[in-house]
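Below: one structure, written as structure tokens.
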Amino acid sequence: MSTRPASPLAWTVGLIGYGEVGRILAEDLRARGVAVTAYDIKLGTPAEPELRDHANRHGVRLVADHAALVASADLVISAVTASQAVPVAQAAAPGLMPGTWFLDFNSASPKAKVEAAALVSAARGLFVEGAVMTSVPPYRIKVPLLLGGPEASGLQPILNDLGFAAEVASDALGVASATKMCRSIMIKGLEAMVIESFTTARAYGVEDAVIASLVETFPGLDWEKLGTYFFQRVIQHGRRRAEEVREVARTVREAGLDPFSATATANRQAQMAD
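Residue numbers (this note's numbering): 894 to 1167.
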């Protein structure tokens, strides 16, 4: 955008997705004085009053659709559920001004990132893939973030000026998201195994003995605290996390492997949310 201010702190950041992650980013950006607009698919549903209450408290301007959001944004951040990464890029691309930055913050497969990039690039937007490498809430805007794609090195200093903790993984698309997806096989799989193990152990009345054995085998981990955290996260966000693990399974499948463990993990995550 030709009229874009030199300092990123004077930019307008547009958030597509105003769920947990979007709201955290909005709060931290607003705390630095950055103008924030947001659009969420839940506007116009019974969830709208909650969204508007949060937006009003933090000085975030909610808009009616993708077109209204991208029209005023210097940087667009897509922070939606995994399956919506490509549809959001498709919806946002027609309204992008040439040179507008577009950061895909979603837990999507490398192939999905490439598809989203093609849509944004065709509209002359500057697409960068983002891979969030751990849970957002403990770190907030400082969550470790890998960037990828030909434009990644240009966006990194901008994001860090805004308060992010971004690092360039590669100038090739897909590397950052592949790193994230492969990590998720382990992390989300561990969550599913702990939940299944502890729930079964409780049913048999042997939970304390199982935890004691795990502590002896892996003394560096607080298994009781870890189990509590896993249960809380999966119960609260199981459906979203199940969708993310299905993207993990897609990533495994695209590598030519049968994603049987990732598929089982997704099923367990979804089951706990029901």
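Positions of the beta carbon are idealized from the N, C-alpha and C atoms, including for glycine.
### Query
Within 10 angstroms of its Cβ, does D967 collect 16 or more other Cβ (buried), or is it exposed?
One-based indexing of the sequence shown puts residue 967 at position 74. Its Cβ being crowded by 16 or more others within 10 Å, D967 is buried.
### Query
How many Å lie between Q1164 and G1082 at the Cα?
The residue labelled residue 1164 in the question sits at position 271 within the sequence shown. The residue labelled residue 1082 in the question sits at position 189 within the sequence shown. Going from the Cα of Q1164 to the Cα of G1082 covers about 14 Å.
#### Entry: R916, DSSP secondary structure in three states
Looking up residue 916 in the sequence shown gives position 23. Looking at R916 - three-state DSSP - the assignment turns out to be helix.
### Message
On the DSSP bridge list, what partners appear for S971?
### Response
In the sequence shown, residue 971 corresponds to position 78, counting from 1. Beta-bridge pairing links S971 to I909, D997.
### Query
Does DSSP put P898 in a helix, a strand or coil?
Counting from 1 along the sequence shown, the entry for residue 898 is found at position 5. Coil, per DSSP.
### Start and end residues, alpha helix (DSSP H) containing E943
To locate residue 943, count along the sequence shown from 1; it is residue 50. First-last of the alpha helix (DSSP H) with E943: 941–951.
### Query
How about K1073 and L1039: are their beta carbons less than 8 Å apart?
As a first step, residue 1073 must be located in the sequence shown, where it is residue number 180. As a first step, residue 1039 must be located in the sequence shown, where it is residue number 146. Yes; because the gap between Cβ atoms is below 8 Å, this pair is in contact.
### Query
Counting Cβ pairs, one atom from each stretch, are 3 or more of them under 8 Å apart for the segment 1005–1022 and the segment 1150–1159?
Fewer than three Cβ pairs drawn from the segment 1005–1022 and the segment 1150–1159 lie within less than 8 Å of each other, which leaves the two stretches out of contact.
### Message
Can you find the residues in the same chain that come closer than 7 Å, C-beta to C-beta, to E1136, ignoring five residues on each side of it along the sequence?
### Response
Sequence index remark: in the sequence shown, residue 1136 carries index 243 (1-based). Excluding residues within five positions, the ones whose Cβ falls inside 7 Å are T974, A975, S976.
### Task
Would you please state the rounded distance, in angstroms, between the beta carbons of V1087 and G1131? I believe it to be under 8 Å.
To locate residue 1087, count along the sequence shown from 1; it is residue 194. To locate residue 1131, count along the sequence shown from 1; it is residue 238. No, V1087 and G1131 are not in contact; Cβ-Cβ is about 14 Å, not under 8 Å.
### Query
Roughly how many angstroms separate the alpha carbons of R944 and V1103, rounded to a whole number?
Taking the sequence shown and counting its residues from 1, one reaches residue 944 at position 51. Taking the sequence shown and counting its residues from 1, one reaches residue 1103 at position 210. What sits at residue 944 in the sequence shown is Leu, not Arg. Cα-Cα distance, rounded: 42 Å.
### Task
With DSSP as the reference, label E1147 as helix, strand or coil.
Counted from its first residue, the sequence shown places residue 1147 at position 254. E1147 falls in the helix class under three-state DSSP.
### Message
To the nearest angstrom, how far is the alpha carbon of P1112 from that of Q1129?
### Response
Here residue 1112 refers to the residue found at position 219 when the sequence shown is read from its first residue. Here residue 1129 refers to the residue found at position 236 when the sequence shown is read from its first residue. Each residue's alpha carbon lies about 28 Å from the other.
### Cβ neighbours of E1060 in the same chain (closer than 8 Å, five flanking residues each side left out)
Along the sequence shown, one-based indexing puts residue 1060 at 167. Sequence-distant partners of E1060 (beyond 5 residues in either direction) whose C-beta falls short of 8 Å from its own C-beta, in its chain, are P1037, L1038, L1039, L1040, Q1049.
### Message
In this structure, how does DSSP classify T930 when only helix, strand and coil are distinguished?
### Response
Taking the first residue of the sequence shown as position 1, residue 930 is located at position 37. When DSSP states are grouped into helix, strand and coil, T930 belongs to the strand group.
### Message
Just to check my reading of the structure: E1022 and A1011 have Cβ atoms closer than 8 Å, yes? What is that Cβ distance to the nearest angstrom?
### Response
What you label residue 1022 is simply residue 129 of the sequence shown in a count that begins at 1. What you label residue 1011 is simply residue 118 of the sequence shown in a count that begins at 1. That belief does not hold up - the Cβ atoms of E1022 and A1011 are roughly 12 Å apart, past 8 Å.
### Query
In chain order, what residues of the same chain have a beta carbon less than 6 Å from the beta carbon of E1147, not counting five sequence neighbours either side?
Residue mapping note: residue 1147 aligns to position 254 of the sequence shown, counting from 1. Listed in chain order, the non-local C-beta contacts of E1147 below 6 Å within the same chain comprise K1004, local neighbours out to five positions each way being set aside.
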